[in-house]
Structure formats: structure tokens, C-alpha cells
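Below is one structure; the comments refer to it alone.
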Amino acid sequence: MQFGLIGLGVLAVVGVLVFNFWQERRARKHAEQAFRSTHHDVLLDEHGEASIPPAPGGRMEPGLRRDESFPAAAIAVRVTPPARPTQEVVVDDSLIDCVVNIDAPAGVSASALFAAQLEVMSGFSRSLHWSGWSEIENRWVDITAHSPESINRVRASLQLANRQACVSANDLERFYVQLQRVCDQFLAVPRLPARAEVLQKAAELDKFCSDVDIQIAVNLIAAGVPFAGTKLRGLAEAVGMELGSDGTYHLRDDGGQTLFTLSNLDPVPFSPEQLRQLQSQGLTLALDIPRTLNPAHTFDRMISFGQHLADKLDGKLVDDNRVPLSDRAISLIRSQIYQFELQMERQSVVAGGPVALRLFA
8 MQFGLIGLGV
18 LAVVGVLVFN
28 FWQERRARKH
38 AEQAFRSTHH
48 DVLLDEHGEA
58 SIPPAPGGRM
68 EPGLRRDESF
78 PAAAIAVRVT
88 PPARPTQEVV
98 VDDSLIDCVV
108 NIDAPAGVSA
118 SALFAAQLEV
128 MSGFSRSLHW
138 SGWSEIENRW
148 VDITAHSPES
158 INRVRASLQL
168 ANRQACVSAN
178 DLERFYVQLQ
188 RVCDQFLAVP
198 RLPARAEVLQ
208 KAAELDKFCS
218 DVDIQIAVNL
228 IAAGVPFAGT
238 KLRGLAEAVG
248 MELGSDGTYH
258 LRDDGGQTLF
268 TLSNLDPVPF
278 SPEQLRQLQS
288 QGLTLALDIP
298 RTLNPAHTFD
308 RMISFGQHLA
318 DKLDGKLVDD
328 NRVPLSDRAI
338 SLIRSQIYQF
348 ELQMERQSVV
358 AGGPVALRLF
368 A
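For reference, each letter of the sequence shown is one residue, going 8 to 368 in this note's numbering.
As C-alpha cells, then:
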């Protein structure tokens with residue numbers, strides 16, 4: 008996998024790093040920041056307070072507003088625009104998959120088919136999904152090694168893109184050849200979509216991923232005394248954050264999906280043992296836009312929590328030049344996040360929904 012970080016245009020907004028994963032799959036290195044200009048820079052709006060040149064390190068004047076109170080049981084929310092319904096109406100695999108319909112007039116054992124495809128198509132195991140039409144349940148069901156039925160209609164669905172790459176012409180050809188081999192074993196007939204159409208769809212998905220694959224990060228630095236790990240742990244756990252195996256605190260929704268994370272600004276992951284001795288000079292709060300339900304709403308929660316940490320730990324939210332994060336910058340970033348959210352929905356992909364979680368895995 009190739010990883011890199013691309014800043015969000017010249018949202019050179021004080022304390023907020025915007026990473027575009029498009030170059031992650033093209034650079035093979037971490038922590039390099041570049042600045043793209045394909046997206047409208049909200050800081051250059053004609054009604055803005057100042058004209059900011061499109062260069063790394065550009066920033067707004069500080070004007071941080073802090074909440075006076077912060078309940079331990081829940082993260083305060085200041086939302087513009089309001090959060091919207093989070094339920095994805097229809098999960099349509101054809102949005103991101105090459106779906107091959109297979110006819111098996113004589114019937115085929117679902118479990119035998121599953122075993123055969125494992126042997127022949129193991130190279131596609133992570134991105135290939137099999138389903139069959141159940142006459143008993145009158146719906147499409149997943150095919151597994153334990154599927155009991157004999158089926159006449161099958162679907163093989165190959166995911167065409169993710170945040171790292173998209174299916175190539177060679178990948179697609181290999182998929183078709185191996186799929187035909189499996190079908191031949193069961194006298195089944197695959198209806199293979201036109202290669203050119205599938206590859207065009209893969210390229211469009213790849214571009215879509217690169218356009219909206221954005222991560223927002225806010226830095227919190229110590230104003231004087233370093234942050235004590237024991238106090239940090241108490242503040243994080245008080246709002247329901249959990250320390251993950253990646254050495255990062257996660258705030259999760261009721262379904263277990265990460266909303267935003269809290270990590271050490273220093274290149275040392277958190278651990279229960281390390282937190283007892285930790286004296287950190289800085290922290291990072293991060294939000295993965297395409298993988299987060301209602302990301303604009305969640306951004307507000309993240310900022311409120313950051314302000315709470317700043318109050319309790321005697322720190323401040325800053326940019327790379329250690330300039331405090333202004334209210335106007337926060338508002339502009341929120342608006343830009345909302346635009347990315349709408350851009351995803353125009354493609355029938357809800358941020359944080361099932362399709363988005365597959366695309367941006």
C-alpha cells in the first residue's frame with residue numbers, strides 16, 4: 008500500500024492539517040505534506056477577513072473561543088449545519104462493484120461453489136463477494152462454506168476501488184478468466200459485463216476517492232508544563248474514549264465506528280504503561296471524513312473536546328506555526344467538510360455508511 012498526505016488546498020488553517028490520501032497510493036512514504044489546488048479554498052473567499060496566499064504555512068489570525076463548561080458524560084456540540092439522518096437508505100453493491108450474474112440451470116451446491124472459488128480465486132479473496140438467490144428466503148444471501156442450499160442464480164461481486172488503488176485491466180482480465188474456470192466446473196454461465204465499461208467505472212471511482220479522501224487533524228500543544236499522561240487518560244476516558252491497539256484513543260458511536268481519534272503528537276503511541284510516565288508536549292485530534300457519519304457534526308464535537316482538553320491541560324489549539332486556531336478558521340473548515348459530505352451524497356455514498364466504509368477501508 009502506498010501512503011502519503013496531501014493538505015486540503017490552501018486550507019492552511021491554523022492548526023488543522025488536511026490530508027488527502029490520493030497520493031498515499033502514489034508516494035510510498037508517510038508524513039509528507041503537499042498542498043493541492045483542485046478544491047476551492049474557503050480561506051480565499053472574497054468576503055474573508057484577509058487575503059491569504061496559497062502557500063504552506065498560511066494562516067488566519069487567532070481568535071479561539073472556548074466553552075465555559077464541558078460535561079464529562081457527553082461532548083458538547085455546536086453544529087452548523089445541523090446533523091442529518093445517518094441511515095443509508097439502500098446499500099447498492101453495483102455502485103462500487105463489478106457484479107457478474109451467473110446462471111446455473113441445473114443447480115449448484117452453494118458450499119461446493121464457495122470451496123471451488125476459494126481454490127481458484129484466492130488472490131481476490133479480500134475484494135470478492137459471493138451471493139446466491141435463496142428460494143427459501145426469497146432474497147439474495149451470502150454464500151459461505153456452510154451454505155446448505157442448492158442454488159440456480161449466483162452473483163460474484165468484485166470491488167473496483169478503495170482508497171489505495173483501483174482495479175486495473177490486468178486485474179479484471181484475471182478475474183474474468185478465473186471466474187469462468189469456476190463456472191465451468193458447475194456448468195454455469197457467467198454474464199460478464201463489458202470490460203471497457205467496468206474499467207471506466209473503476210477509474211471514476213478512483214477519482215471520486217481521491218477527491219473526498221480527506222482527514223482533518225487539530226494539534227493541541229502544552230502552553231508550559233507538558234501534559235501528564237495520567238490526567239490525559241482520565242479526561243479521554245471520562246468522555247467515553249477507548250485506547251485502541253494502534254496506540255490511539257478512539258471515540259466511537261453506538262455501532263463501534265470511530266468518530267475521531269486522540270493521539271500523541273510525538274512519534275510514540277499511547278499504552279497503559281506508557282501513560283503512567285508520559286509527559287507529552289502535544290496531542291493530535293483527527294477526523295477521517297469519508298469514514299465518519301455526519302462529519303461536519305462530528306468535527307464540532309472534536310473541536311469542543313479539543314477546547315475542553317486545552318482548558319483542563321493548560322494547552323492551546325494551534326497551527327504548524329503555533330498560532331492559535333481562530334473561530335473563523337473553525338467555521339470555514341466546518342463548511343468545507345460539509346461540502347465534501349454533500350459531494351459524497353451526490354454519488355449516492357453516505358459518509359460513514361456501509362458503502363463508504365468499504366471504499367475507504
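Using N, Cα and C, we set each Cβ at its ideal position, and we do this for glycine too. This structure is a prediction, so every number in the text was calculated from the model and none was measured.
Can you tell which of the options has the C-alpha that lies nearest to the C-alpha of residue i?
| i | options | result |
| --- | --- | --- |
| R365 | F277, L167 and H153 | L167 |
| Q346 | D220, Q207, S129 and F277 | D220 |
| A209 | A176, L227, G241 and Q343 | A176 |
| N145 | L135, I158 and S134 | I158 |
| E126 | A224, I143, V107 and Q192 | Q192 |
| P279 | G236, A303, G289 and P302 | G236 |
| S129 | M351, V107, L199 and L186 | L186 |
| F277 | V205, F267, L300 and S252 | S252 |
| N169 | L120, S270 and L102 | L102 |
| F182 | Q171, V106, H257 and R240 | V106 |
| S179 | E156, A317, F267 and F131 | One point to set straight first is that residue 179 is Leu, not Ser, in the sequence displayed. The shortest Cα separation from L179 among E156, A317, F267 and F131 belongs to F131. |
Would you mind reading off the limits of the alpha helix (DSSP H) that contains residue i?
| i | result |
| --- | --- |
| Q222 | That residue, Q222, is in no alpha helix (DSSP H); its beta strand (DSSP E) goes I221 to A229. |
| T237 | G236 to A245 |
| P361 | P361 to L366 |
Please work out which residues of its chain come closer than 6 Å, Cβ to Cβ, to residue i, disregarding the five sequence neighbours upstream and downstream, and give them in chain order.
| i | result |
| --- | --- |
| L349 | none |
| G286 | In the sequence under discussion, the amino acid at residue 286 is Gln, which differs from the Gly named in the question. Answer for Q286: P233, listed in chain order. |
| M351 | V219 and A358 |
| V356 | V362 and A363 |
| G55 | Reliability fails at G55, whose pLDDT of 37 lies under 50, so the model's placement of it is uncertain and the value that follows must be treated cautiously. Around G55: no qualifying Cβ. |
| S270 | T255 and T291 |
Which residue comes first and which comes last in the beta strand (DSSP E) that contains residue i?
| i | result |
| --- | --- |
| T305 | Taken as a continuous stretch (DSSP letters only), T305 belongs to no beta strand (DSSP E), being part of the alpha helix (DSSP H) at P302 to L320. |
| Q192 | Where Q192 is concerned, there is no enclosing beta strand (DSSP E), although the alpha helix (DSSP H) it sits in stretches over A176 to Q192. |
| V356 | V356 -> no beta strand (DSSP E), and no H or E assigned at all. |
| L125 | No beta strand (DSSP E) contains L125, which is instead part of the alpha helix (DSSP H) from A117 to V127. |
| G139 | L135 to S141 |
| N159 | S157 to Q166 |
| P233 | Run containing P233: none; DSSP gives neither H nor E here. |
| V330 | Note, V330: premise wrong, no beta strand (DSSP E); not H, not E. |
| R198 | V196 to R198 |
| D100 | It is not in any beta strand (DSSP E) - D100 carries neither H nor E in the DSSP assignment. |
| R146 | R146 to D149 |
Can you round the beta-carbon distance between residue i and residue j to whole angstroms, since I take them to be within the 8 Å contact cut?
| i | j | result |
| --- | --- | --- |
| R341 | F306 | 6 Å |
| T291 | L272 | 5 Å |
| I296 | I223 | 7 Å |
| A243 | G322 | Rounded, the Cβ-Cβ distance is 14 Å, inconsistent with contact. |
| C190 | P200 | The Cβ separation is near 15 Å, so there is no contact. |
| A203 | S154 | Contact flag wrong, Cβ pair sits at about 34 Å. |
| D213 | S164 | In fact, because the Cβ distance is near 18 Å, the residues do not count as touching under 8 Å. |
Quick check: is any heavy atom of the ligand ATP less than 8 Å from the C-beta of residue i?
| i | result |
| --- | --- |
| N177 | The ligand content of the structure shown is nil, which means the ligand ATP is not present either. |
Take residue i and list the residues in its own chain whose beta-carbon comes closer than 7 Å to its own, dropping the five residues that flank it on each side.
| i | result |
| --- | --- |
| R353 | none |
| G313 | V225, L227, L292 and L324 |
| Q124 | W137 and V189 |
Suppose the cutoff is 8 Å on Cβ atoms and the five residues either side in sequence are ignored; what does the same chain contact list for residue i look like?
| i | result |
| --- | --- |
| R298 | Q264, T265, A358, G359, A363, L364 and F367 |
| K238 | K319 and L320 |
| W147 | S138, G139, W140, S141 and R162 |
> Which parts of the region 254–296 are runs of the alpha helix (DSSP H), unbroken and 4 residues or longer, counting only runs that do not cross its ends?
Replying inline: 279–284
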